[in-house]
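In the UniProt record's numbering, the protein residues as written are 1 to 412.
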């Protein structure tokens, strides 16, 4: 699990409980307080549960990969998260003082409330604390020399010798304010850059978590395909998992999705090199346990050799007739030769106004499958169709249907 300490530790030890020493956490500044170490919301760490006999193996792996590792506690079976400060305990002992109380000593069930709350009947005697109403008064004053009701205008106060233009240049040169073109291009004079896209299919996860994972990868790629990237093998991805993983069945659904994601990534020769998880997607509200639907967001990115070889979703051919059609062929040929003027993956917002001649509109556009819509100039239509036919995309698309039909017909 990847999160800050106060989140990840209590989640990964639930419901058994554990005792942890805050001073076992690797830090770069030994003056940090217990609260600062425990509550820091940084993401650059993984928390694992391992058997004691596997500790040396994990240390060997971490040493090989030059990654720091620390054992910060052990499972206690108390159902509580107990956080002690060994530094404070040692100082107290040196001064012959009683050992201080644990910095954190909490019942996990009261924090996460997952198991007991889901099984117990509604409590009609819940006490509700209502905070007092707060009032905010907006005061308006009259500017000097004017009879208008306007906010008081403070004069611009600049350091001696600094002009407004100097101050403006300083602000506009800040990375947080300046142009973000450097995020897309690798130089101001060249055309190389990077392309990124996102895919998620949460609705499918309600019925089939495996399909959701595969389609999320597919949607990310059909969103990325409109920029010519160096190669499919160069595409890297980040996975963001959001599940109420400790509720009944949700952990199994997430596991199924993870296995399907792994298999899809292997088949496509893609790799995940980062991500995040939120595995407590449940809340107590209105006397009920409310859980969020499981979701997986895939963010893909890859080098873009030429940022000019891209297309956007907006139609550019006016009243000229355009035709929708349905991986390497698109980026290697169609974008290189500039045969298409616009494109979008098949989805509701892109497809609701498209008319297909002689083909069932809803069957094609609302099949909840992956697909692409291309805007093509009439003069380039035949060339585009030839490129797609050469890539045998339709044969690949029809293969599953053909095999199912063979099974239905009991053909040997």
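All residues carry an ideal CB built from backbone N, CA and C; glycine is no exception.
Taking the C-alpha atoms as reference points, what is the distance between residue 104 and residue 71? 18 Å
Just to confirm the assignment, what range does the beta strand (DSSP E) spanning residue 84 have? 80-84
Mapping DSSP to helix, strand and coil, what is residue 52? helix
With C-beta atoms as the reference, is residue 283 less than 8 Å away from residue 236? no
List the whole-angstrom C-beta distance separating residue 220 from residue 199, where the pair is believed to meet the contact cut-off of C-beta under 8 Å. 3 Å
Cutoff 6 Å; reference residue 21; Cβ partners in own chain excluding five residues on either side: 84 and 86
Counting C-beta neighbours from all protein chains within 10 Å, is the total for residue 349 16 or more, i.e. buried, or is it exposed? With a pLDDT of 45 at residue 349, under the threshold of 50, the modelled position of that residue is not reliable, and no figure is offered here.
Counting only the same chain and skipping the five closest in sequence on each side, list residues whose C-beta sits under 7 Å from that of residue 74. 18 and 19
To test your reading of the DSSP string, which unbroken beta strand (DSSP E) runs of 3 or more residues are found completely within the segment 201-235? none
Are the CB atoms of residue 171 and residue 298 nearer to each other than 8 Å? no
If you follow the beta strand (DSSP E) that residue 105 is in, where does it begin and where does it stop? 104-107
Tell me the rounded alpha-carbon separation between residue 304 and residue 196. 10 Å
For a test of the three-state rule: what should DSSP assign to residue 251, helix, strand or coil? helix
On the DSSP letters alone, give me the boundaries of the alpha helix (DSSP H) that residue 168 sits inside. 164-172
Contact defined as beta carbons within less than 8 Å: I believe residue 242 pairs with residue 295. What is the distance between those atoms, to the nearest angstrom? 5 Å
Report the rounded CA-to-CA distance for residue 225 versus residue 378, giving the unit in angstroms. 22 Å
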